[in-house]
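Before any comments, here is the structure.
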Amino acid sequence: MSIRPVCAGNPMAKLIPIPVRRAAQASSRVEALVRDMRARSLRSAPDGTIDTRGRPLRDLRISVTDRCNFRCVYCMPKDVFGRDYPFLPHDELLTFEEIARLARLFKAQGVVKVRLTGGEPLLRKNIERLIEMLAAISGLDLTLTTNGALLARKAQSLKDAGLERVTVSLDALDDSVFRTMNDVDFPVERVLEGIDAAAAAGLAPIKLNAVIKRSTNEREILPLARHFRGSGHILRFIEYMDVGHTNGWRMDEVVPAAEVLKTIDAEFPIEPIDPNYPGEVADRDCTRARLSTDGKVYTCLFGTEGFDLKTPLRAGASDDALGDAIAAIWRQRADRYSELRTAATGALPKVEMSYIGG
Ligand code: SF4
0 MSIRPVCAGN PMAKLIPIPV RRAAQASSRV EALVRDMRAR SLRSAPDGTI DTRGRPLRDL
60 RISVTDRCNF RCVYCMPKDV FGRDYPFLPH DELLTFEEIA RLARLFKAQG VVKVRLTGGE
120 PLLRKNIERL IEMLAAISGL DLTLTTNGAL LARKAQSLKD AGLERVTVSL DALDDSVFRT
180 MNDVDFPVER VLEGIDAAAA AGLAPIKLNA VIKRSTNERE ILPLARHFRG SGHILRFIEY
240 MDVGHTNGWR MDEVVPAAEV LKTIDAEFPI EPIDPNYPGE VADRDCTRAR LSTDGKVYTC
300 LFGTEGFDLK TPLRAGASDD ALGDAIAAIW RQRADRYSEL RTAATGALPK VEMSYIGG
């Protein structure tokens with residue numbers, strides 16, 4: 000069991016469509032960056048492209064859909080994501096071929112791990128086919144984050160397609176708390192069945208992400224710890240974060256990591272462990288880029304402006320040009336919002352999580 004203040008693993012599925020004008024601006028920003036990079040004859044570092052703070056590009060989160068079958072109150076509140084919500088039209092979504100091509104190009108810049116997210120990624124039709132295509136790219140560690148609702152049904156086909164592991168979002172064991180949090184009356188039992196199916200299929204080690212929100216599920220910390228202790232699964236508690244526009248985040252709803260640790264330590268003495276790899280702890284030395292459902296790259300969970308790759312991709316850009324664009328985007332990265340997070344930043348504009356791959 001690990002208890003870490005990591006970025007939310009939940010692929011929070013909220014969408015704020017970026018107007019065409021902004022997409023065009025993002026595209027021209029990419030072109031300007033590429034020109035600047037070429038002018039300075041910058042080259043990829045031998046171990047991958049690095050940003051302005053020396054951080055290599057290692058992880059890529061790919062959002063494959065902006066839709067979800069849950070309406071978690073902190074992510075897709077029903078009053079915003081109702082029946083009439085304008086989710087992306089199908090032709091705006093990157094195709095599987097486009098995603099696989101970009102994944103190959105990201106790998107050439109240093110990416111070693113790809114995580115599929117959403118929205119709820121298992122809602123994307125024929126997701127197994129995309130997994131097959133990504134699994135065929137050698138040297139990529141391939142994983143997926145899900146709410147677990149469809150996992151019991153799909154675990155084996157995901158494994159057969161080449162998926163290596165899953166992370167399941169699970170904020171409560173108590174059925175009524177769980178149903179309240181997903182806000183679609185979905186029973187926790189079916190998610191637990193999904194976790195068992197994933198374990199049986201060999202999608203291990205399974206990671207479980209619990210977002211803890213004050214006065215909502217903080218009483219679930221110990222039951223979750225007790226339930227999964229000794230299971231072989233990795234349980235991670237996540238601070239409720241000021242992500243997106245619509246979750247109404249407030250500092251006083253955050254249960255700080257230190258408090259989670261203290262709660263658990265009182266029953267199960269805690270020993271610190273090392274992260275599995277640099278960047279696993281996703282706050283201070285983040286090595287992660289995010290590719291939105293419609294092909295924009297974000298270099299920070301708290302970013303507001305993405306870099307549009309879909310436009311040049313569909314305009315026939317070569318692999319070299321797209322690779323240069325990806326390298327240029329990463330090299331100019333200086334984001335360190337996580338370090339600066341305070342109550343004041345809650346009011347800053349941010350992009351919704353579905354858009355950037357959770
Ligand atoms: S299951 Fe995940 S993506 Fe769906 S609403 Fe909940 S947090 Fe958001």
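Quick note on numbering: numbering that gives the first Met the number 0 labels position 349 of the sequence shown as 348, and the sequence is numbered without any gaps.
All C-beta atoms in this analysis are idealised placements derived from N, C-alpha and C, irrespective of residue type, glycine included.
Any chance the CB of residue i is under 8 Å from a heavy atom of the ligand SF4?
| i | result |
| --- | --- |
| C74 | yes |
| R114 | no |
| F177 | no |
| S291 | no |
| R70 | yes |
| E91 | no |
| G117 | yes |
| N146 | yes |
| N181 | yes |
| S214 | no |
| C299 | no |
| S168 | yes |
| C285 | no |
If I measure Cβ to Cβ from residue i and keep anything under 7 Å in the same chain, skipping five residues before and after, which residues do I get?
| i | result |
| --- | --- |
| F267 | A224, R228 |
| N392 | Look at the range of the chain in this structure, 0 to 357, and you will see that residue 392 is not part of it. |
| R218 | none |
| D159 | none |
| V110 | L56, R57, D58, L59 |
| D318 | L104 |
| M132 | F95, A99 |
| Q24 | For Q24, the pLDDT reaches just 44, beneath the cut-off of 50, and the residue's location in the model is therefore unreliable, although a value from the coordinates is still provided. Within the same chain, Q24 has no close Cβ partners at all. |
| K153 | L121 |
Let me make sure I understand the geometry here. Which of the options has the alpha-carbon closest to that of residue i?
| i | options | result |
| --- | --- | --- |
| S137 | G117, R152, A102, N125 | A102 |
| V168 | G161, I126, E119, K158 | It is worth fixing the name first, because residue 168 is Ser in this sequence and not Val. Of the candidates G161, I126, E119, K158, the one whose C-alpha sits nearest the C-alpha of S168 is E119. |
| L191 | K158, V183, L149, I211 | L149 |
| L92 | C71, G117, F185, P271 | G117 |
| R164 | L133, L122, R114 | R114 |
| A151 | L162, A198, G305, I130 | A198 |
| C67 | R60, L59, P76 | P76 |
| E127 | G161, Y84, G305, I325 | G161 |
| P204 | S230, P222, K153, E252 | S230 |
| F306 | V296, I269, K206 | V296 |
| L122 | K112, T64, D284, R52 | T64 |
| H232 | L133, A209, F86 | A209 |
| P311 | E188, E97, D174, D83 | E97 |
| S291 | K112, L87, I263 | L87 |
Where does residue i fall in DSSP's three states?
| i | result |
| --- | --- |
| A38 | Because A38 carries a pLDDT of 44, less than 50, the predicted location of this residue cannot be relied on, and no value is offered for it. |
| A154 | helix |
| F86 | coil |
| A107 | helix |
| K77 | coil |
| L308 | coil |
| T358 | Because the chain in this structure spans residues 0 to 357, residue 358 falls outside the shown range and cannot be described. |
| T64 | coil |
| T94 | coil |
| V165 | strand |
| R218 | helix |
For residue i, write down the residues that DSSP places opposite it in a beta bridge.
| i | result |
| --- | --- |
| E297 | Note that residue 297 is Tyr in the sequence shown, not Glu. DSSP output for Y297 lists R289 as bridge partner(s). |
| K212 | V253 |
| F236 | A209 |
| L59 | V113, A288 |
| D140 | K112 |
| P262 | At residue 262 the sequence reads Thr, which differs from the Pro that was named. Paired residues: none, contrary to the question. |
| T179 | T179 pairs with nothing; no bridge assigned. |
Within the same chain, show all residues whose beta-carbon is closer than 8 Å to that of residue i, passing over the 5 residues directly before and after it, in chain order.
| i | result |
| --- | --- |
| G322 | L104, A107, Q108 |
| I211 | D170, E217, E219, I220, F236, I237, E238, Y239, V254, V259 |
| D50 | L56, T298, W329, R330, Q331, R332, A333 |
| G201 | K158 |
| T142 | K112, V113, R114, L115, L162, E163, R164, V165, T166 |
| R70 | P76, K77, F80, N181, D182, V183 |
| D140 | V111, K112, V113, E163 |
Establish whether the CB of residue i and some CB of chain C are separated by less than 9 Å.
| i | result |
| --- | --- |
| D58 | No chain C appears in the structure shown, which is made up of a single protein chain. |
Is any heavy atom in the ligand ADP found nearer than 8 Å to the beta carbon of residue i?
| i | result |
| --- | --- |
| E217 | In the structure on display, the ligand ADP does not appear, and the ligands it does have are the ligand SF4. |
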